[in-house]
Every structure is written in structure tokens, then in C-alpha cells.
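Below is one structure, written out as C-alpha cells; the observations come after it.
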Amino acid sequence: MPRRTLKILLFACLVFTLLLTSTSFAAGGVTITSLNWVDGGGCEYVAIAGTVIDFSYSDPAVSVQIFKNGSPVASTELSAYPTGNFSQGFVVNAVSGDTITATASISGFNANAGPIVCGGGGGSTGGGSSSGGGGNTTPGDGRLNFAPDEYYTLYCAFDQLEIWRGVPTGLLLHTVPLASLLALSPGQAYAAGGGTTILRDAEDVFTVYGSNGNLAPQAGTKSFLMSECITRNGGEPTAAVEAAPPAVVPQVAFCEDPATFNDRSCFESEEAWCIANNYLPSDCISYNVFRWFGALLTQVFLCAMMAASGAFGIVVMVTPNQLRAKRAEIHAWIERVKRLAR
31 MPRRTLKILL
41 FACLVFTLLL
51 TSTSFAAGGV
61 TITSLNWVDG
71 GGCEYVAIAG
81 TVIDFSYSDP
91 AVSVQIFKNG
101 SPVASTELSA
111 YPTGNFSQGF
121 VVNAVSGDTI
131 TATASISGFN
141 ANAGPIVCGG
151 GGGSTGGGSS
161 SGGGGNTTPG
171 DGRLNFAPDE
181 YYTLYCAFDQ
191 LEIWRGVPTG
201 LLLHTVPLAS
211 LLALSPGQAY
221 AAGGGTTILR
231 DAEDVFTVYG
241 SNGNLAPQAG
251 TKSFLMSECI
261 TRNGGEPTAA
271 VEAAPPAVVP
281 QVAFCEDPAT
291 FNDRSCFESE
301 EAWCIANNYL
311 PSDCISYNVF
321 RWFGALLTQV
331 FLCAMMAASG
341 AFGIVVMVTP
351 NQLRAKRAEI
361 HAWIERVKRL
371 AR
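Rendered as C-alpha cells:
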């Protein structure tokens with residue numbers, strides 16, 4: 031193949047690859063679905079929401095800029111992964127008569143929204159898209175009762191209510207067991223910690239109160255329906271398993287305890303103890319005979335030692351009563367040996 035033809039084919043493959051990549055992975059446009067003042071915040075805060083059309087995981091973040099009276103007042107990069115939707119709140123500190131506008135851009139596409147005027151009614155407004163597409167004001171990521179200016183972002187999953195703050199970045203604030211909320215009666219509240227409280231307003235209506243949401247430290251609320259929460263959760267929460275009461279350890283008598291039942295004190299006689307320890311009765315008799323002979327020899331040895339030590343030693347070491355006791359004990363041993371030997 032001629033070298034020139036090979037170069038042409040390589041160039042054509044490169045162009046085709048670039049076209050394929052740009053059409054397959056680049057975003058097809060961006061739309062701002064809403065720009066409005068945050069409820070309860072006067073003209074201090076605005077919230078923006080939008081959608082990236084034909085969004086792909088390889089697309090960059092959405093660049094958002096907020097303008098007050100034509101001058102930049104806030105900007106950030108917002109991720110649209112994985113749904114293609116984005117939303118954020120911004121501090122603008124507007125006063126009566128100020129106008130707010132916004133722009134969003136991604137992959138060369140731009141969208142504009144506004145103006146909204148402080149003190150001039152300033153309702154929600156959406157902007158156009160370079161692709162001409164529309165948008166949905168619901169993110170579609172499973173959150174409860176979505177609103178672009180919501181103080182908290184709420185999810186129900188894994189038998190838990192998740193309470194998130196979205197501004198300036200996503201942060202999980204609390205997880206609350208759904209079973210604990212369902213156990214409340216209307217009018218009762220659940221303390222989630224950190225000053226956050228969840229009130230059961232009615233049978234199906236709950237409201238989260240706190241001061242650590244999107245407008246912190248300013249307080250705010252977010253309401254939701256428990257029926258919607260249970261649907262997002264995939265059904266009723268699993269009932270909590272009650273902890274089993276501690277086991278009662280029975281008191282075992284000393285001689286009934288496997289660790290001590292072979293103790294000598296648990297038997298009436300030496301023979302009974304010997305037999306209980308898996309010896310034959312004949313072995314136990316021999317054992318006792320040898321034991322008695324050993325004791326007898328010990329006594330004889332002691333008497334011999336006392337005799338060898340002299341009269342003084344006998345007076346000092348052994349009293350007459352002790353000698354009589356020893357003699358009687360030796361006599362008893364001899365009689366017992368005789369009986370066993372018969």
C-alpha cells in the first residue's frame with residue numbers, strides 16, 4: 031500500500047474517532063429550570079436548579095454564575111451526576127430594587143435565567159437552553175417533596191430518614207429510624223440531635239425543624255409525607271428486634287459442679303472417693319493398704335527418732351498423752367490391716 035494512501039486512511043480514522051467521541055460523550059445542552067428567592071430569606075438568598083441534556087458521566091461539572099445588577103456575586107461548579115440535574119443556593123445579600131440573573135454552562139453550551147427583582151415580586155423564572163430543550167423541576171433522585179429552595183434535602187432508604195444539607199456542599203446531617211418516627215403520636219416530636227427535631231404534625235405529615243440546613247445559622251423547616259417516604263423506602267420498615275433478656279445462670283452446688291465434684295470432701299470415705307475416680311475396688315483396697323503401711327512406717331520412724339534423742343528429747347518432743355494417742359492410733363491401723371488382709 032502506498033505511504034500516501036496509508037496516511038489518508040489514518041487521518042480519516044482519527045477524524046471518525048473524534049466525531050464518535052464528541053457525539054457519544056459530550057452533553058447536548060443545559061437548561062436552567064428555576065431561579066428564585068429562598069422562602070423566608072428575604073432577598074439574602076437565591077436558589078437555582080437546572081438540567082443537563084444528554085448528560086454523560088464523562089461530562090465536566092456545570093459552571094454556574096450569579097450576577098447582581100450585572101456584576102458577578104457568586105459562582106461555583108455543580109455536579110450533575112448521576113441524574114443530569116443540579117441545584118444550589120447562593121448568598122446574594124440583595125436589597126430592594128436589586129436584580130439577580132444567572133448563567134449555567136457545560137461543554138460549550140450556555141443557559142441564562144432572570145432577572146428577578148428584590149421587592150418586585152420576583153417569582154420563579156427559568157432560562158433557555160442552547161439545545162432548545164425543556165426541563166423538569168423535580169430532580170428525580172428520590173428526594174422527598176423536592177423544592178429548589180428547600181432548607182433540608184430528605185431521603186428515605188434502608189429503613190432510615192436521611193437529612194442532608196446541600197449548601198455549600200452535600201453533607202449528611204442525621205439518619206433517623208423510620209420505626210421511631212412511626213411510633214410517634216400526632217403532636218409528638220423526635221430529637222435527632224444537634225438541635226434538629228422531627229414533629230409529627232398529623233397522621234401522615236412530618237416536619238423537620240433545625241438551624242443547620244442550607245441557610246444556617248438561620249433556622250428552617252422541611253415537611254414530608256410519611257406515605258411517600260415509605261414508598262421511597264420500598265415498604266414498611268422492618269420491626270426492630272427486641273434484645274433478648276440476659277440468661278439466668280443457675281447456682282450449682284459445690285459437689286454438683288463438674289469442676290469440683292471429684293473433691294475428696296464430697297465423699298463419705300476414702301474408698302468411695304477412690305472408686306468414683308474410675309479405679310477398681312480391688313485397686314482402691316490395695317491403695318488403702320499401702321497408704322496405711324506408709325502411715326505406720328512414718329509413725330515407727332518418728333518413735334525411733336524420739337527414742338534416739340534421749341529422755342530429754344522425749345520430754346521435750348512428746349508428752350505422755352501424745353505417746354498414748356500415737357500408740358492407740360498405731361494399734362488401730364494394725365487392726366485395720368489385719369481385717370483387710372483376711
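In short: position in the sequence shown from 1, add 30, done, that's the working numbering.
C-beta atoms are modelled at their ideal positions from N, C-alpha and C, and glycine is treated no differently.
Is residue i near residue j, with beta carbons less than 8 angstroms apart?
i	j	result
Thr131	Ala143	yes
Leu191	Leu211	yes
Ser137	Asp89	yes
Thr81	Gly127	no
Asn242	Leu203	yes
Arg230	Ser253	no
Cys186	Asn244	no
Asp189	Ala209	yes
Ser101	Val94	no
Measure from the C-beta of residue i to each C-beta in chain C and report whether the shortest distance is under 8 angstroms.
i	result
Ala246	The structure shown has no chain C; it contains just one protein chain.
Taking DSSP's pairing of strands, which residues face residue i in a bridge?
i	result
Ile364	Ile364 is not bridged to any residue.
Ser253	Thr237
Arg230	Phe236
Thr388	Since the first and last residues shown for the chain are 31 and 372, residue 388 lies out of range.
Asn416	Residue 416 is absent from the structure shown; the chain starts at 31 and stops at 372.
Asn115	Thr81
Count the other CB atoms within 10 Å of the CB of residue i; is the residue buried (16 or more) or exposed (fewer)?
i	result
Ile228	buried
Gly200	exposed
Phe139	buried
Gly149	exposed
Pro178	buried
Ala362	exposed
Asn123	exposed
Glu180	buried
Thr61	buried
Arg173	buried
Ile364	exposed
Pro267	buried
Cys285	exposed
Ala306	exposed
Under the assumption that residue i contacts residue j (Cβ atoms under 8 angstroms), give the Cβ distance between them as a whole number of angstroms.
i	j	result
Ile193	Trp67	Their Cβ separation, rounded to whole angstroms, is 23 angstroms, which puts Ile193 and Trp67 out of contact at 8 angstroms.
Val206	Tyr220	7 angstroms
Thr237	Thr251	5 angstroms
Give a yes or no on contact between the region 79-88 and the region 106-126, applying the rule of three or more CB pairs nearer than 8 angstroms.
Touching, yes, given that three or more Cβ pairs across the two stretches are closer than 8 angstroms.
Could you tell me whether the region 114-126 touches the region 59-76, where touching means 3 or more Cβ pairs closer than 8 angstroms?
Taking a contact to require three or more Cβ pairs closer than 8 angstroms, the region 114-126 and the region 59-76 qualify as touching.
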